[in-house]
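Visitor: Here you go, one structure.
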Amino acid sequence: PLNLDVTDREAVFSTVETAVKHFGRLDIVVNNAGIMTMGMIEELNESDARKLMDTNFFGALWVCQAVMPYLRSQRSGHIIQITSIGAIISGPMSGIYSASKFALEGMSEALAKEAEHFGVKLTMVEPGGYWTDLYTSMSYSNPLDSYGTLRDELAKQYSEDSVDSDPSLAAEALMKLVASNNPPLRLILGSMVYDLAMDTLKARMATWEEWEAVSRASEKAIPAPERYGV
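Everything in the sequence shown is counted per the numbering used here, starting at 203 for the first residue and increasing by one.
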């Protein structure tokens, strides 16, 4: 195994090069490095916010940039981005974590379309709660008294509804994923979060339909000369 700090872009490129020299090629690349900071948006400090984005988003970006030249030349390979149910729905105290996962999915969806021209596959895996080091190593913002009531409500809700699963089950799902000849762009892991994702997307669709008239009325084609001030 090779030690790697994904926030160090130069180290990422060097480590990937070392791995390729040893194995001769890359087949599966899993971006799984992640940290979590819990806190209301107003409570977050700059240092914690930047550290989280550097790890969860930029770390994955550097890895993708480092491996793509090799995958392109091979015209094969599969990149697995471990995102989160937090990339579909966000909530109180998890805003900065969700922001990193939303950003990761935005980048990954673009990369998937770029990479497919070279025979390279990409899948975003969106898991729910699995008992891993993510939870035991998470940090917390300095709480503001104004959010005390909301914080208590969330603590009660999490204690009643939270379900953490065995990570070995996620590993089994990943093995099925990489063995597939036609892997999906996105894969949700977990029954509870599957239902949550479906309910969230249905509610989003209903809102879009409710406001469809306003959405469509806001668009009017502008002739090219007028558009560019000619």
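For glycine and all other residues, C-beta sits at the position ideal for the given N, C-alpha and C.
Remember, it's a predicted structure, so these values are computed and weren't measured experimentally.
Could you please give the first and the last residue of the uninterrupted beta strand (DSSP E) stretch that includes R227?
Guide: It is not in any beta strand (DSSP E) - R227 carries neither H nor E in the DSSP assignment.
Visitor: Would you list the residues sitting across from I284 in a DSSP beta bridge?
Guide: V327
Visitor: Got a sec? Which residues, its chain only, sit under 8 Å from A213 by beta carbon, not counting five neighbours each side?
Guide: L206 and D207
Visitor: Between the alpha carbons of Y349 and S343, how many angstroms are there, rounded?
Guide: 12 Å
Visitor: Quick check: the stretch 290-309 against the stretch 225-245, are at least 3 beta-carbon pairs closer than 8 Å?
Guide: yes
Visitor: Between the stretch 270-283 and the stretch 223-231, do at least 3 Cβ pairs fall closer than 8 Å?
Guide: yes
Visitor: Express the C-alpha separation of N247 and M238 in angstroms, rounding to a whole number.
Guide: 14 Å
Visitor: Taking 7 Å as the limit between beta carbons, can you name the residues of its chain near I290, skipping five residues before and five after?
Guide: E328, A399 and T402
Visitor: With H, G and I counted as helix, E and B as strand and the rest as coil, what does DSSP make of S233?
Guide: Correcting the residue identity first, residue 233 is Asn in this sequence and not Ser. Strand.
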